[in-house]
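Chemist: When the letters of the sequence shown are read in order and numbered with mature numbering (1 follows the signal peptide of the UniProt record, and there is no 0), they come out as residues -19 to -1, 1 to 652. The structure is given below, and queries will be raised subsequently.
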Amino acid sequence: MSFRTISFTCLLVLAGAVAAQQTEQITPYVPQAPLELDKKHTLNLKDADIGVLIQTVSEITGKSFIIDPRVEGKVTVISSRPMGKDELYETFQSVLRVHGFAAVPAGAQMVKILPEAVAVQDGGTAAVPVSGKDELVTRLLPVKHVSAKSLVELLRPLMPQQGHMTAHENSNSLLVTDRAGNIDRLATIVSRIDTASDADVEVIALQHASAAEVARTLSSLEAGAGSTPLLQGGLKLVADERTNSVLLSGDKAQRLRYRTLVAHLDTPLSTGENTQVIYLRYAKAADMVPILEGVAATLTGTAVKTDGVKPVTIQVHEETNALVLTCAPTVFRELSAVVRSLDVRRAQVLIEAVVVEVSDDLADELGIQWQTTNYDGGENESGIIGGTNFPTGANGAGGIVGAIQDPTSALSNGLNLGYIGGTFSLPGVDGPLFQVGALVRALRGDGRANVLSNPSVVTLDHQEAEIKVVQTVPFITGQYTNASTGGGNGGGINNPFQTVEREDVGVILTVTPHVNEGDAVRLDLRQEVSALAAQVTGAVDLITNKRELKTSVLVPDGGLLVLGGLRSEETRESVQGVPGISRVPLLGNLFKSRRSSKQKLNLMIFMRPRILRDAAAELAVSSEKYNYLRSEQLRMRENKELKYNGEHQPLLPELSELDVAPPVETEGVRD
């Protein structure tokens, strides 16, 4: 507000003692030089004084305002695009209406800003050009065929509390003071009612509403749902669906009353006629179609009419995930209610699995083997050969006989002691053989394992999820040789082939959560833990240890439940020796080999689900995991033993830098 306005207000306050009996004090506001009128402006105010809004509109439009002292308060106006002066003035009138004030023209460029209750008595006339639907005006609506006095009683419920309507009996007219938009609506209804009809039966053709639905609504209004078409005063109301008309018969005054109600109900919908668009936020539009078609068939009694025209058509617009419905307004309201109930935010579930395996392996082996011969390859080619042989693997591996051919084959795990006395040869054997007189093997193995796996996955309610932390390992499944003819010397060429199948080895978690009312989650899951075993002598290919669990359980939200476990203890003893001699005390130890092993295994699988019902819970879980990884990176940066430390190590940014505030939840359906 300018200095001139403030000064004038102060003068009015000083003059208040003289005009104490006056019910209305007016503060004029004279604008300064107006802004460029052709320029467009964007109006954005937040909790601003209403005087600031009036001053801004005055400077843009060039209008002068007289402000009632009772006009005060805070206003908020948010605009996303520039507006011209006429459009801006209409917006200004709408803001005044929201806050209970009105702008009343008082000349060519003078406008009074008054409380709405006072402005009704000082409204404009039809001769003044209307600048917007929210402008307060006074109009005279002529009536030709019906009584204006009877219309006042029928139309008064359609007016706001501050509106005013009076019947002028001499001219049979209606004097109405209200907002311009509502007066136009009343004038349309009056023109529909004001028709010459002295017949006992009236036919009212409907343009927007369904005749059967209007008849049902009016019948239920008078006598309750399911009543007969017979209404008050002997009036009958029947719907003709073929022409979409309503037939009225009975007393003239009663017909006038119901003609008014029918005209009021026969109005178009706010966004179209019988075709509506519903935008979905969470559900998939294509999945909603079968449900809505079933509901529509129930509401209409059949999916297809006798003439082949469907009363309800439902289409999907996949790009915007929207439903396009063409149906009667009543059917649309039912289907819209179903959509609102189903298009809700589904809960998500964080499933954390804990797989713990602790094993303890002990192995002992002690044995003595010996071989001797007096064969020297003389003329007789005869001699004695013999001894003991206790192999531990396939193809004689680990035995002294294998060491005669290849001494390195005896150098297995543990302590290996032997004596080689030279070489000799045997008939039928190519190459020299080593004279290994004795072989002593001693082994003690002690192995322990502590394995912890913690896979986790987030999935929607009733949606299967799978997480794999695996290696793809090749396994030989077959081999063959393809022999082909040809070659430079007429010989064939052999092409060996192997078939290989790759399998996942590691941790695999497959789970489907089901969240119902309450705080429990039903989980349908399959947990697989596999690993490559140590190479076993004589095995054709790789060996994997596999543990798999498949079950369905009920777990409380945030609770921990053991899904399964394995606890085993295995002991094995193996003694090889020469019959008879090996049982002789002390001496028998020279003729036998003893092996023993003991294995303990503890395997447990635990599961903990956490229901994430809103964006705040999801953000909390994500922030926890994110901050954990960032703290580990910071710890590595502080490790001085690393060659690349400090800023050379990668580091996640802080969450505050990412601006990951949870979104504000709003309604799920846009009409």
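All residues carry an ideal CB built from backbone N, CA and C; glycine is no exception.
Alpha carbon to alpha carbon, what distance is there between residue 23 and residue 66?
Modeler: Their backbone Cα atoms lie some 10 angstroms apart in a straight line.
Chemist: Whole beta strand (DSSP E) runs in the region 435 to 491 with 3 or more residues, listed along the chain?
Modeler: Here the runs fully enclosed are 437 to 441, 446 to 465.
Chemist: Can we say the region 148 to 165 touches the region 186 to 199, given the rule of at least three CB pairs closer than 8 angstroms?
Modeler: As far as the Cβ criterion goes, the region 148 to 165 does not touch the region 186 to 199, which means the pair count is below three.
Chemist: Bridge partners of residue 428, per DSSP?
Modeler: DSSP output for residue 428 lists 342 as bridge partner(s).
Chemist: Which same chain residues, not among the five before or five after residue 620, have their C-beta less than 8 angstroms away from its C-beta?
Modeler: Only 626 meet the Cβ criterion.
Chemist: With a CB to CB cut of under 7 angstroms and the five nearest residues on each side skipped, what residues in its chain are close to residue 273?
Modeler: Contacts found: 295, 316, 319.
Chemist: Should residue 253 go down as buried or exposed, given a rule of 16 or more other Cβ atoms within 10 Å for buried?
Modeler: In this predicted model, residue 253 has a pLDDT of only 49, less than 50, meaning its place in the structure is not dependable enough to derive any value.
Chemist: Determine the closest residue to residue 345 out of 577, 195, 353, with distance taken between C-alpha atoms.
Modeler: That would be 577, whose Cα lies nearest to the Cα of residue 345.
Chemist: For residue 590 and residue 332, which I take to be in contact (beta-carbon distance under 8 angstroms), what is that distance rounded to the nearest angstrom?
Modeler: With a Cβ gap of about 5 angstroms, residue 590 and residue 332 count as contacting.
Chemist: Could you tell me the alpha carbon to alpha carbon distance between residue 380 and residue 556, rounded to whole angstroms?
Modeler: For residue 380 and residue 556, the distance between alpha carbons rounds to 14 angstroms.
Chemist: Please classify residue 319: does DSSP put it in a helix, a strand, or coil?
Modeler: Residue 319 falls in the helix class under three-state DSSP.
Chemist: Here's a check: name, in chain order, each residue in its chain whose Cβ is nearer than 6 angstroms to the Cβ of residue 445, leaving out the five neighbours to either side.
Modeler: Same-chain partners within the cutoff: 493.
Chemist: Just grab the DSSP bridge partners of residue 22 for me.
Modeler: BP columns for residue 22 point to 64.
Chemist: Give the C-beta separation of residue 312 and residue 261 to the nearest angstrom, bearing in mind that I take them to be a contact with Cβ-Cβ under 8 angstroms.
Modeler: Contact doesn't hold; Cβ gap of about 19 angstroms is too wide.
Chemist: Excluding the 5 residues flanking residue 545 on each side, which residues of the same chain have their C-beta closer than 6 angstroms to its C-beta?
Modeler: Contacts found: 530, 586.
Chemist: Nearest to residue 223 by CA position, among 245, 191, 80, is which residue?
Modeler: Taking only the C-alpha atoms, the option nearest residue 223 is 191.
Chemist: Roughly how many whole angstroms lie between the Cα atoms of residue 384 and residue 421?
Modeler: Straight-line Cα distance between these residues: approximately 12 angstroms.
Chemist: Can at least three beta-carbon pairs, one atom from the region 595 to 615 and one from the region 565 to 576, be found at a separation below 8 angstroms?
Modeler: Segments in contact, no.
Chemist: Give me the DSSP bridge partner(s) of residue 221.
Modeler: Paired residues: 226.
Chemist: Below 8 angstroms between beta carbons: does that hold for residue 549 and residue 527?
Modeler: In this structure, residue 527 does not lie closer than 8 angstroms to residue 549 by Cβ.
Chemist: Just mark residue 172 as buried or exposed, buried being the case when its beta carbon has 16 or more other beta carbons within 10 Å.
Modeler: Result: exposed.
Chemist: Should residue 275 be labelled buried (16 or more other beta-carbon atoms within 10 Å of its own) or exposed?
Modeler: By the neighbour-count rule (16 or more Cβ atoms within 10 Å), residue 275 is not buried but exposed.
Chemist: Please state whether DSSP places residue 114 in a helix, a strand or coil.
Modeler: Coil at residue 114, not helix or strand.
Chemist: Examine the Cβ distances between the region 569 to 583 and the region 533 to 542 and report whether three or more of them are shorter than 8 angstroms.
Modeler: No, they do not touch.
Chemist: Buried or exposed: where does residue 500 fall if 16 or more other Cβ atoms within 10 Å of its Cβ makes it buried?
Modeler: Counting Cβ neighbours within 10 Å, residue 500 comes out exposed, since fewer than 16 surround it.
Chemist: What is the C-beta distance between residue 453 and residue 485, in whole angstroms, given that I count them as a contact (C-beta under 8 angstroms)?
Modeler: Confirmed, about 6 angstroms.
Chemist: Alpha carbons only, please: which of 340, 370, 343, 124 is nearest the one belonging to residue 352?
Modeler: Residue 370 is the option with its Cα nearest to residue 352.
Chemist: Confirm, please, whether the CB-CB distance from residue 436 to residue 334 is below 8 angstroms.
Modeler: Yes, the Cβ-Cβ distance between residue 334 and residue 436 is below 8 angstroms.
Chemist: Using only the alpha-carbon positions, how far apart do residue 482 and residue 583 sit?
Modeler: Rounded to the nearest angstrom, the two C-alpha atoms are 31 angstroms apart.
Chemist: Around the C-beta of residue 134, are 16 or more other C-beta atoms found within 10 angstroms, so that it is buried, or is it exposed?
Modeler: By the neighbour-count rule (16 or more Cβ atoms within 10 Å), residue 134 is not buried but exposed.
Chemist: With 16 as the cutoff for other CB atoms within 10 Å, does residue 129 come out buried or exposed?
Modeler: It is buried - the Cβ of residue 129 has at least 16 other Cβ atoms within 10 Å.
Chemist: Are the beta-carbon atoms of residue 125 and residue 165 separated by less than 8 angstroms?
Modeler: No, the Cβ-Cβ distance between residue 125 and residue 165 is not below 8 angstroms.
Chemist: With DSSP collapsed to three states, give me the class of residue 55.
Modeler: Residue 55: strand per DSSP, three-state reduction.
Chemist: Let me make sure I understand the geometry here. Which of 241, 201, 91, 495 has the alpha-carbon closest to that of residue 167?
Modeler: Minimum Cα distance to residue 167 is reached at 241.
Chemist: Residue 150 by DSSP, collapsed to three states: which one?
Modeler: In this structure, residue 150 counts as coil in the three-state DSSP scheme.
Chemist: Can you have a look at residue 50 and say buried or exposed, based on whether 16 or more other CB atoms are within 10 angstroms of its CB?
Modeler: It counts as exposed.
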